[in-house]
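*Asks:* For reference, the structure I am asking about is given below.
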Amino acid sequence: MEGEIEKAQQWLSKNDKDKEGKNKLLYHMYRGWVSWMMGDYNSSNEDLETADLLIEDFRKQIGYEAFALISNPGVKPYQAEDFEKVMVNYFKALNYIQLGNYEGAIVEARRITIKLQKLNSKYKDHKNRYSDDAFAHVIIGMLYDADGDYNNAFIAYRNALEAYENIYLDNFGLAAPLQLKKDILRTAYLTGFHDEVVYYEQKFGIKYEKEDPDSGDLVFIWQNGFGPVKSEWSITFTMIPGDVGFVTYTNEEYGLTFPFYIGDRSPGEQAQLRDLSILRVAFPKYVERVPVFTEASLNVESQTLPLELAENINNIAFKTLHDRMLREFANALLRVATKRALEIAVREATKEQSKENKLDAGDIAPAAITILNAITEKADTRNWQTLPHSIYYTRVKLPEGDHDIRLNTSNGQQTQAHAITLNIRKRKTTFFVFQSLESHLPEQ
59 MEGEIEKAQQ WLSKNDKDKE GKNKLLYHMY RGWVSWMMGD YNSSNEDLET ADLLIEDFRK
119 QIGYEAFALI SNPGVKPYQA EDFEKVMVNY FKALNYIQLG NYEGAIVEAR RITIKLQKLN
179 SKYKDHKNRY SDDAFAHVII GMLYDADGDY NNAFIAYRNA LEAYENIYLD NFGLAAPLQL
239 KKDILRTAYL TGFHDEVVYY EQKFGIKYEK EDPDSGDLVF IWQNGFGPVK SEWSITFTMI
299 PGDVGFVTYT NEEYGLTFPF YIGDRSPGEQ AQLRDLSILR VAFPKYVERV PVFTEASLNV
359 ESQTLPLELA ENINNIAFKT LHDRMLREFA NALLRVATKR ALEIAVREAT KEQSKENKLD
419 AGDIAPAAIT ILNAITEKAD TRNWQTLPHS IYYTRVKLPE GDHDIRLNTS NGQQTQAHAI
479 TLNIRKRKTT FFVFQSLESH LPEQ
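First residue of the sequence shown: 59, per the working numbering; consecutive thereafter.
Structure below.
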């Protein structure tokens, strides 16, 4: 595996044409991920910080927007899906954890929740169902926990529980992990919140059990497989007569209707738009890359502990893209209508030029050829393809010293064992992240 990551790092270094192009953001996302995999956490943060700045400071470029209106969104600089934007902060947090900078990691984990709230506040309709990140709150809690700040750890864990109950369960089919419930009980007890201990014991149906205060903690995070990739699908709209100054496009299968005001356009443009009886609009869609392994457990000190699913990035990706498509249907339809109207205008102009100059049908001006070649309806299928499919975790109490740990990843038919040796310190927390790269090819 390490050899393949090294090859990826070398390839990115040699093929840096995207460093300043429309794929600049993706370039730094990939470099940041590869450096993280290689254990070069400072270099990873440099690229991820660049990606973060691009996301925060991105401004619409008029030229790109205008050209995209007659071609396709792929000509614009890639701006990332909303969940990809916060995954930058997730990996920055992991880097800071490995560097021992818990304060920096807390800042990045908090930025995940703040950024999601900020992104969602700008949408009037069809807001993202991914409006908060439960696992980000878990990470915040684990970091405060590791620092001995049990009060803030309890608050963060409680925020995570609320996100699982109010957002994740209904939208992503993911309930709060048992480990989170245990951590809520433990930090409530250590903070002296005895009423909360009783309340959550009754709520969860479990009893708090005191632990050895001189033991150390291992927080083990398993990132499984790779997230989905983007493909393309299309939907056909039919024009129906509308009010004066309007054209209306509808798709009965999906129950979609979009009226457009064209009264402010020239008579020629209005006539061209009214002649567009059928339009095909292309949209991106996600295709899942199913992980080879579906579950994992840790064997250590005669204990076997299952790793619990805490974040399903695959499901979040599908729902986030669906929510964006609902917001952007109208703009996509307008883009296609504009391209088709331009296509008609170019063809009419070419016919007139052929008559006047007695040209053959194939003698089209170079400028017209350029425009006609641009009129191809395509969806923007770029995406960050090295994000994990899903994230699992557990916490293990261990005595001080070196421990031989075995991670078993399984799919019910085959099991793969990974031997890991970690040093545990008394009253300290050791974080360890393991990435499984095995995923099936996407099924188109």
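Glycine included, C-beta positions come from ideal geometry on N, C-alpha and C.
Inspect the beta-carbon positions of Gln31 and Phe492 and report whether they are closer than 9 Å.
*Replies:* Coverage of the chain is limited to positions 59 through 502, which leaves residue 31 absent and any answer about it impossible.
*Asks:* What alpha helix (DSSP H) runs, 4 residues minimum, are completely inside the region 195 to 250?
*Replies:* 208 to 221, 227 to 230, 236 to 249
*Asks:* Between the beta-carbon of Lys484 and the beta-carbon of Gly274, is there less than 9 Å?
*Replies:* Within the sequence shown, numbered from 1, the residue matching residue 484 stands at position 426. Within the sequence shown, numbered from 1, the residue matching residue 274 stands at position 216. Going by C-beta atoms, Lys484 is nearer than 9 Å to Gly274.
*Asks:* Would Asp190 be called buried (16 or more neighbouring beta carbons within 10 Å of its own) or exposed?
*Replies:* Walking along the sequence shown from the start, residue 190 turns up at place 132. Classification for Asp190: buried.
*Asks:* Over the uninterrupted alpha helix (DSSP H) stretch that includes Leu152, give me the two end residues.
*Replies:* Start at 1 with the first residue of the sequence shown, and residue 152 comes out as number 94. First-last of the alpha helix (DSSP H) with Leu152: 140 to 156.
*Asks:* Is it buried or exposed, Gly420, if we count other Cβ atoms within 10 angstroms and call 16 or more buried?
*Replies:* Along the sequence shown, read from residue 1 onward, the residue named residue 420 stands at position 362. In this prediction, Gly420 scores a pLDDT of 49, lower than 50, which makes its location untrustworthy; the coordinate-derived value is nonetheless stated afterwards. Its Cβ having fewer than 16 others within 10 Å, Gly420 is exposed.
*Asks:* In terms of residue numbering, what span does the alpha helix (DSSP H) encompassing Met95 cover?
*Replies:* Position 37 of the sequence shown, counted from the start, is the residue given in the question as residue 95. Met95 -> alpha helix (DSSP H) spans 82 to 95.
*Asks:* Who are the near neighbours of Thr306 in its chain, counting only those whose CB is closer than 6 Å to its CB and skipping five residues on each side?
*Replies:* For the purposes of this step, residue 306 is taken as the residue at position 248 of the sequence shown. Hits under 6 Å: Ile298, Gly300, Pro317.
*Asks:* Have a look at Ile172 and Glu142 and give me their C-alpha separation to the nearest angstrom.
*Replies:* Position 114 of the sequence shown, counted from the start, is the residue given in the question as residue 172. Position 84 of the sequence shown, counted from the start, is the residue given in the question as residue 142. Spanning the two alpha carbons is a distance of roughly 14 Å.
*Asks:* Ala167: buried (16+ other C-beta within 10 angstroms of its C-beta) or exposed?
*Replies:* Taking the sequence shown and counting its residues from 1, one reaches residue 167 at position 109. Per the 10 Å Cβ criterion, buried.
*Asks:* Between Glu337 and Leu392, how many whole angstroms is the CB-CB distance? I'm expecting something under 8 Å.
*Replies:* In the sequence shown, counting from the first residue as 1, residue 337 sits at position 279. In the sequence shown, counting from the first residue as 1, residue 392 sits at position 334. For the record, residue 337 in the displayed sequence is Leu; it is not Glu. That pair is no contact at about 10 Å.
*Asks:* Work out the CA separation of Phe387 and Tyr222 for me, nearest whole Å.
*Replies:* Residue numbering aside, residue 222 sits at position 164 when the sequence shown is read from its first letter. Residue numbering aside, residue 387 sits at position 329 when the sequence shown is read from its first letter. Distance between the alpha carbons of Tyr222 and Phe387 is about 30 Å.
*Asks:* With Val256 as the anchor, note down where its alpha helix (DSSP H) starts and where it stops.
*Replies:* If you number the sequence shown from 1, residue 256 lands on position 198. Start and end: 252 to 262.
*Asks:* Apart from the five residues just before and just after Gln328, which ones in its own chain have a Cβ nearer than 6 Å to its Cβ?
*Replies:* Locating residue 328 in the sequence shown gives position 270, where the first residue counts as 1. Correct list, in chain order: Ile320.
*Asks:* Please state if the CB of His184 and the CB of Glu346 are separated by a distance shorter than 9 Å.
*Replies:* For the purposes of this step, residue 346 is taken as residue 288 along the sequence shown, with counting starting at 1. For the purposes of this step, residue 184 is taken as residue 126 along the sequence shown, with counting starting at 1. Taking 9 Å as the Cβ cut-off, Glu346 and His184 do not qualify as a contacting pair.
*Asks:* Please list the terminal residues of the continuous beta strand (DSSP E) segment that includes Asp462.
*Replies:* The sequence position of residue 462 within the sequence shown is 404, counting from 1. Per DSSP, Asp462 belongs to the beta strand (DSSP E) from 459 to 468.
*Asks:* Between which two residues does the beta strand (DSSP E) containing Asn309 stretch?
*Replies:* Translated into positions along the sequence shown, residue 309 becomes position 251. Per DSSP, the continuous beta strand (DSSP E) segment holding Asn309 begins and ends at 304 to 309.
*Asks:* Just to confirm, are Phe490 and Leu276 a CB contact at a threshold of 9 Å?
*Replies:* Your numbering for residue 490 matches position 432 in the sequence shown. Your numbering for residue 276 matches position 218 in the sequence shown. With respect to Leu276, Phe490 sits close: the two C-beta atoms are nearer than 9 Å.
*Asks:* Check for me: the beta strand (DSSP E) holding Ala163 runs from which residue to which?
*Replies:* The count along the sequence shown starts at 1 and reaches residue 163 at position 105. Element bounds for Ala163: not the beta strand (DSSP E) but the alpha helix (DSSP H), 160 to 179.
*Asks:* Pick helix, strand or coil for Tyr99, following the three-state DSSP scheme.
*Replies:* Counting from 1 along the sequence shown, the entry for residue 99 is found at position 41. Three-state DSSP puts Tyr99 in a helix.
*Asks:* How about Arg440 and Asn81: do their beta carbons lie closer than 9 Å?
*Replies:* As a position in the sequence shown, residue 440 is number 382, starting the count at 1. As a position in the sequence shown, residue 81 is number 23, starting the count at 1. Yes, the pair counts as a contact, with Cβ atoms nearer than the cut-off.
*Asks:* Pick from Asp205, Ile225, Ile264: whose alpha carbon is nearest that of Phe193?
*Replies:* Translated into the one-based positions of the sequence shown, residue 193 becomes position 135. The option with the nearest alpha carbon to Phe193 is Ile225.
*Asks:* What does a CB cutoff of less than 8 Å around Leu49 pick up in its chain, not counting 5 residues either side in sequence?
*Replies:* Within the shown structure, residues of the chain are numbered from 59 to 502, placing residue 49 beyond reach of any answer.
*Asks:* Within 10 angstroms of its Cβ, does Asp110 collect 16 or more other Cβ (buried), or is it exposed?
*Replies:* Numbered from 1 along the sequence shown, position 52 holds the residue referred to as residue 110. The residue is buried, with at least 16 neighbouring Cβ atoms inside 10 Å.
*Asks:* Quick check on this structure: which residue in Thr352, Ala395, Ala246 has the alpha carbon closest to the alpha carbon of Leu334?
*Replies:* Sequence index remark: in the sequence shown, residue 334 carries index 276 (1-based). Of the candidates Thr352, Ala395, Ala246, the one whose C-alpha sits nearest the C-alpha of Leu334 is Ala395.
*Asks:* Relative to the alpha-carbon of Glu161, which residue among Tyr202, Leu177, Lys180 has its alpha-carbon at the smallest distance?
*Replies:* Here residue 161 refers to the residue found at position 103 when the sequence shown is read from its first residue. Nearest option by C-alpha distance: Tyr202.
*Asks:* Count Cβ pairs between the region 466 to 473 and the region 349 to 358 that sit closer than 8 Å; are there 3 or more?
*Replies:* With three or more CB-CB distances shorter than 8 Å, the region 466 to 473 counts as touching the region 349 to 358.
*Asks:* Which residue marks the beginning of the alpha helix (DSSP H) containing Glu327, and which one marks its end?
*Replies:* Within the sequence shown, residue 327 is the residue found at index 269, counting from 1. First-last of the alpha helix (DSSP H) with Glu327: 325 to 332.
*Asks:* Which one or two residues does DSSP pair with Pro342 in a beta bridge?
*Replies:* For the purposes of this step, residue 342 is taken as residue 284 along the sequence shown, with counting starting at 1. Its beta-bridge partners are Glu290.
*Asks:* Hey, out of Asn153, Pro286, Tyr258, whose CA is closest to Thr444's CA?
*Replies:* On the sequence shown, position 386 is the one that residue 444 refers to. Per the Cα distances, Pro286.
*Asks:* Taking the Cβ atom as the reference point for each residue, do Ala163 and Ile197 lie within a distance shorter than 9 Å?
*Replies:* Start at 1 with the first residue of the sequence shown, and residue 163 comes out as number 105. Start at 1 with the first residue of the sequence shown, and residue 197 comes out as number 139. Result yes, Cβ atoms of Ala163 and Ile197 sit closer than 9 Å.
*Asks:* Please state if the CB of Lys455 and the CB of Asp270 are separated by a distance shorter than 9 Å.
*Replies:* Translated into the one-based positions of the sequence shown, residue 270 becomes position 212. Translated into the one-based positions of the sequence shown, residue 455 becomes position 397. In contact: Asp270 and Lys455 (Cβ atoms closer than 9 Å).
*Asks:* Hey, out of Leu465, Ser292, Asn372, Asp460, whose CA is closest to Thr362's CA?
*Replies:* As a first step, residue 362 is located in the sequence shown; it is residue number 304 there, counting from the start. Looking at the Cα atoms, Leu465 is the closest of the given residues.
*Asks:* So for Ala432, helix, strand or coil by DSSP?
*Replies:* Position 374 of the sequence shown, counted from the start, is the residue given in the question as residue 432. At Ala432, the pLDDT of 48 sits below 50, so the modelled position is not reliable and the matter cannot be decided from this model.
*Asks:* With a threshold of 8 Å, establish whether the CB of Leu392 neighbours any heavy atom of the ligand ADP.
*Replies:* Absent from the structure shown: the ligand ADP. Ligands present: none.
*Asks:* Just to check my reading of the structure: Lys359 and His195 have Cβ atoms closer than 8 Å, yes? What is that Cβ distance to the nearest angstrom?
*Replies:* What you label residue 359 is simply residue 301 of the sequence shown in a count that begins at 1. What you label residue 195 is simply residue 137 of the sequence shown in a count that begins at 1. Checking the displayed sequence, the identity of residue 359 turns out to be Glu instead of Lys. Between His195 and Glu359 the Cβ distance is about 29 Å, and since that is not below 8 Å, they are no contact.
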